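*Asks:*
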Amino acid sequence: MPYSAEISRANPTCFLFLIDQSESMREAIGGGDVPMAKADAVADAVNRLLSELTIKCAKEEGVRDYFHVGVIGYGAKVGPAFGGVLAGRNLVPLSQVAAQPANLEERTRAVRNGAGTVTQQTVKFPTWFSPTAYGDTPMCGALTMAHDVVGKWLAEHPGSFPPIVLNITDGESTDGDPSGPAEALRELMSADGNALLFNLHVSSDQSDPIVFPNADRALPDDYARLLFRMSSVLPPTMRTAAMQQELALATDARGFVFNADISAIVQFLDVGTQVLGLR
Amino acid sequence: MRALTTSFWLARAGNDAAEYEDAFAPQKDGRHSARRLRFAMADGASESMLSGRWADALARTWCKSERASTTDVLEAAMAEFEDVLAAYLDERGRQDRPVQWFEEPGLARGAFATFLGVQFTTRRTSSGSWTATSLGDTCLFHVRDDELLTSFPLKSPSDFGSTPNLVPSRTDDVEHVVRHMEEREGEWRSGDLFVLATDALAAWFLGEVEAGHAPWHQLQGFSARGQATFAQWVSGLRTERRLRNDDVTMVRIEVL
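For the record, the sequence lines run as chains S and X. Note that our numbering numbers the first sequence so that position 270 is 270, with each residue one more than the last. Convert by adding 1000 to the 1-based position in the second sequence; the result is the number in our numbering.
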């Protein structure tokens, strides 16, 4: 069965983020009570995902390198977007990402305990990225670079759980139709299946948030429909995990989210027994 | 009841023995003889911190608390685990290894483990009753006359997933946890076989049963000093992808 390869230190997979850092990201995101620039929403989404991925892999002896993580920014230029000591690197073992946040903020968030009760706790929120919004939106360039990075990863890790690429954008590509480069990326494969391309659409449109749809009918505009079509169908193993977390998804649900939190996908990845409330 | 117990365990392939997070009690193999005998097994959740130590506290506490209610057992284990945690944090401080941001949520949330405990009570020399208590996917199998009488709490390999119910080390409502625990009773007789197994092996066992086989024959084949043979057998099944790569634990209880 595809998408069933073990994710472990001996057989890690890769998680590559593509972040839209173009001028149009200065505009406000649609919906929500508090006005927020799209660039802020993008930085927040990446920081949150990296944080969740790290916490998922944290054990007493440190963070286990189940994932190698990369971030490609695209705006005034296309290239690796880690700052600090990780600058210039395409894929970095998760433990090194964990050790090098640029900043540690304190935030309040809801935490569910073992009995299912939700309480507010102050937690440290690491940030690796600051919002950036400058230049064009070379999405085709970013997808082509992702193709190179993922292709090299697969040559070295042919048996890995297929790499996951998460593109976070407002969808307004300025270097052509990204459908072709997206398809080429999805055609890369390991012995366990094709690379997965997911899209988080951060839009100024005021429509309601949409998570993991299986059709483009309800999507508000052409950008959303384009990103939906570019997105991989969620593999059965991830959909099953979603269902165990009481998120019912259609069999052909795609890895596409419109103006909503996509960090749930981290919990769709199986690295061992997960902790949920009692059922 | 007089019983001969033999335990076998192996860490997930790719992990050190120190990273093994299942637990069982008592750890001493051999002949046991008493009016009441207790055995327990627990499986620490991979996505929680110090879960192996929590599993160990649960299994040991249950075995030494014959007359306590399940609520009291859980509370005693939770109190013991808080001491373990405090000692761990002290040690980290002494080693000048402060708790990192990515450890804080896990440490605050506490540890999690499945649990299975069974108590055998003697009525006559060669028979009596048993009561099992469970939360999660660690299983008890009862075999008599070459037939599987009981599979508890799960019955089919399709019942296993990556999100079993778990006993938390921290909760403000122990009763809520106890309400989710399942109980099963049965009768034991001289000559019966009981097997306690964590999820990977239990899922394999039930798969074999579904295929019409008698997997207890294989499990009975390992001698008391057969750890190496057991490890080899488990590795073989993992390679063939017939056994999920996870910590594996089995306790075999042969009623004499």
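Virtual Cβ for every residue (Gly too), placed ideally from N, Cα, C. The structure presented is a predicted model; accordingly, all values stated were derived computationally and were not measured.
Report the three-state DSSP secondary structure of S:CYS57 (helix, strand or coil).
*Replies:* DSSP places S:CYS57 in coil when its eight states are reduced to three.
*Asks:* Would you list the one or two residues that DSSP bridges to X:ASP1022?
*Replies:* BP columns for X:ASP1022 point to X:ASP1043.
*Asks:* Whose C-alpha, out of X:ALA1023, X:THR1171, X:TRP1054 and X:MET1041, is nearest the C-alpha of X:GLN1119?
*Replies:* If we check each option's Cα against that of X:GLN1119, X:MET1041 comes out closest.
*Asks:* Counting only runs that start and end within the stretch 1115–1201 of chain X, where is the beta strand (DSSP E) found for 3 or more residues in a row?
*Replies:* Listed in chain order, the complete beta strand (DSSP E) runs (minimum 3 residues) inside the stretch 1115–1201 of chain X are 1127–1135, 1139–1144, 1147–1152, 1182–1189 and 1193–1197.
*Asks:* With a threshold of 7 Å between beta-carbons, can X:HIS1180 be considered close to chain S, or not?
*Replies:* At least one chain S Cβ lies under 7 Å of X:HIS1180.
*Asks:* Cβ of X:ALA1200 within 7 Å of Cβ of X:LEU1237?
*Replies:* No.
*Asks:* Could you list the residues in the stretch 58–84 of chain S with a C-beta less than 9 Å from some C-beta on chain X, going in chain order?
*Replies:* Cβ contacts with chain X: ALA58, LYS59, GLU60, GLU61, GLY62 and VAL63.
*Asks:* With a threshold of 6 Å on Cβ separation, who are the neighbours of X:ALA1017 within its own chain once the five nearest residues in sequence on each side are excluded?
*Replies:* Closer than 6 Å at Cβ, skipping near neighbours: ALA1011.
*Asks:* Indicate whether the contact test is met: 3 or more Cβ pairs, each with one atom in the stretch 1049–1061 of chain X and one in the stretch 1113–1129 of chain X, closer than 8 Å.
*Replies:* Yes, since at least three Cβ pairs between the stretch 1049–1061 of chain X and the stretch 1113–1129 of chain X fall closer than 8 Å, the two stretches touch.
*Asks:* With DSSP as the reference, please indicate the residues paired to X:TRP1009 in a beta bridge.
*Replies:* Answer by DSSP bridge pairing, in chain order: X:THR1249.
*Asks:* Which residue marks the beginning of the alpha helix (DSSP H) containing S:LYS124, and which one marks its end?
*Replies:* First-last for S:LYS124: 118–127, but that is the beta strand (DSSP E), not the alpha helix (DSSP H).
*Asks:* Return helix, strand or coil for S:ASN11, following the three-state DSSP convention.
*Replies:* S:ASN11: coil per DSSP, three-state reduction.
*Asks:* Measuring only between beta-carbons, confirm whether S:GLN274 sits less than 7 Å from chain X.
*Replies:* Closer than 7 Å to some Cβ of chain X, the Cβ of S:GLN274 qualifies, so yes.
*Asks:* Tell me whether S:TYR223 sits in a helix, a strand or coil according to DSSP, three-state version.
*Replies:* DSSP places S:TYR223 in helix when its eight states are reduced to three.
*Asks:* Going along the chain, which residues of its own chain have a beta-carbon closer than 6 Å to the beta-carbon of X:LEU1084, five neighbours each way excluded?
*Replies:* It is worth fixing the name first, because residue 1084 of chain X is Val in this sequence and not Leu. Counting only Cβ-Cβ distances below 6 Å, and skipping sequence neighbours, we find ARG1053.
*Asks:* Is it true that the stretch 67–78 of chain S meets the stretch 10–23 of chain S, where meeting means three or more beta-carbon pairs spaced less than 8 Å apart?
*Replies:* Enough Cβ pairs lie closer than 8 Å, so yes.
*Asks:* List the DSSP bridge partners of S:SER190.
*Replies:* Note: S:SER190 sits in a beta bridge opposite S:GLY193.
*Asks:* How many whole angstroms separate the CB atoms of X:GLY1136 and X:LEU1166, which I take to be in contact at a CB cut-off of 8 Å?
*Replies:* X:GLY1136 to X:LEU1166, Cβ: 6 Å. Contact.
*Asks:* Give the residues of chain S in contact with X:HIS1213, contact being defined as C-beta atoms less than 8 Å apart.
*Replies:* Per Cβ cutoff of 8 Å: no residues; X:HIS1213 is ~22 Å from chain S at best.
*Asks:* If we cut at 7 Å on Cβ distances, does X:GLU1091 have a partner in chain S?
*Replies:* So no, X:GLU1091 is outside the interface.
*Asks:* Between which residues of its own chain and S:VAL211 is the CB-CB distance below 6 Å, once the five residues before and five after are set aside?
*Replies:* Taken in chain order, the residues that qualify are VAL257 and ALA260.
*Asks:* List the residues of chain X whose Cβ lies closer than 8 Å to the Cβ of S:GLN100, in chain order.
*Replies:* Correct list: empty, because the minimum Cβ distance to chain X is about 12 Å.
*Asks:* I'd like to check one pair, S:MET145 with S:PRO178: are the Cβ atoms closer than 7 Å?
*Replies:* No; because the gap between Cβ atoms is not below 7 Å, this pair is not in contact.
*Asks:* Using the beta-carbon of each residue, which ones in chain X are nearer than 7 Å to S:PRO93?
*Replies:* Within chain X, no residue comes near S:PRO93; the closest Cβ sits about 14 Å away, beyond 7 Å.
*Asks:* Tell me, please, whether the stretch 1092–1109 of chain X touches the stretch 119–128 of chain S by the rule of three or more beta-carbon pairs shorter than 8 Å.
*Replies:* Judged by Cβ distances under 8 Å, the stretch 1092–1109 of chain X makes contact with the stretch 119–128 of chain S, as three or more pairs qualify.
*Asks:* What does the alpha-carbon distance come out to for the pair X:MET1049 and X:ASP1146?
*Replies:* Cα-Cα distance, rounded: 41 Å.
*Asks:* In chain order, which alpha helix (DSSP H) runs of at least 4 residues are fully inside the stretch 1029–1085 of chain X?
*Replies:* For the stretch 1029–1085 of chain X, whole alpha helix (DSSP H) runs of length 4 or above, ordered along the chain, are 1051–1063.
*Asks:* Around the C-beta of S:THR169, are 16 or more other C-beta atoms found within 10 angstroms, so that it is buried, or is it exposed?
*Replies:* Burial call: buried.
*Asks:* In three-state terms, what does DSSP make of X:ARG1225?
*Replies:* Coil, per DSSP.
*Asks:* With a CB to CB cut of under 7 Å and the five nearest residues on each side skipped, what residues in its chain are close to X:THR1070?
*Replies:* For X:THR1070, where only same-chain residues beyond five positions count, the Cβ hits under 7 Å are THR1133, VAL1178 and MET1181.
*Asks:* Would you say S:ALA41 and S:ILE55 are within 7 Å of each other, going by their C-beta atoms?
*Replies:* No, the pair does not count as a contact, with Cβ atoms beyond the cut-off.
*Asks:* Run through chain S and tell me which residues come within less than 7 Å of X:GLU1103, C-beta to C-beta.
*Replies:* Those within 7 Å of X:GLU1103 in chain S are ALA58.
*Asks:* Are at least three pairs of beta-carbons, each pair with one atom in the stretch 233–241 of chain S and one in the stretch 1086–1101 of chain X, less than 8 Å apart?
*Replies:* Taking 8 Å as the limit for Cβ pairs, the verdict is that the stretch 1086–1101 of chain X does not touch the stretch 233–241 of chain S.
*Asks:* Quick check: S:GLY272 and X:SER1046, are their CB atoms within less than 7 Å of each other?
*Replies:* Taking 7 Å as the Cβ cut-off, S:GLY272 and X:SER1046 qualify as a contacting pair.
*Asks:* Give a yes or no on contact between the stretch 154–166 of chain S and the stretch 101–108 of chain S, applying the rule of three or more CB pairs nearer than 8 Å.
*Replies:* No, the stretch 154–166 of chain S is not in contact with the stretch 101–108 of chain S.
*Asks:* On a CA-only basis, which of S:VAL97, S:LEU249, S:VAL150 and S:SER22 is nearest S:ALA195? Give me that one, please.
*Replies:* Taking only the C-alpha atoms, the option nearest S:ALA195 is S:VAL150.
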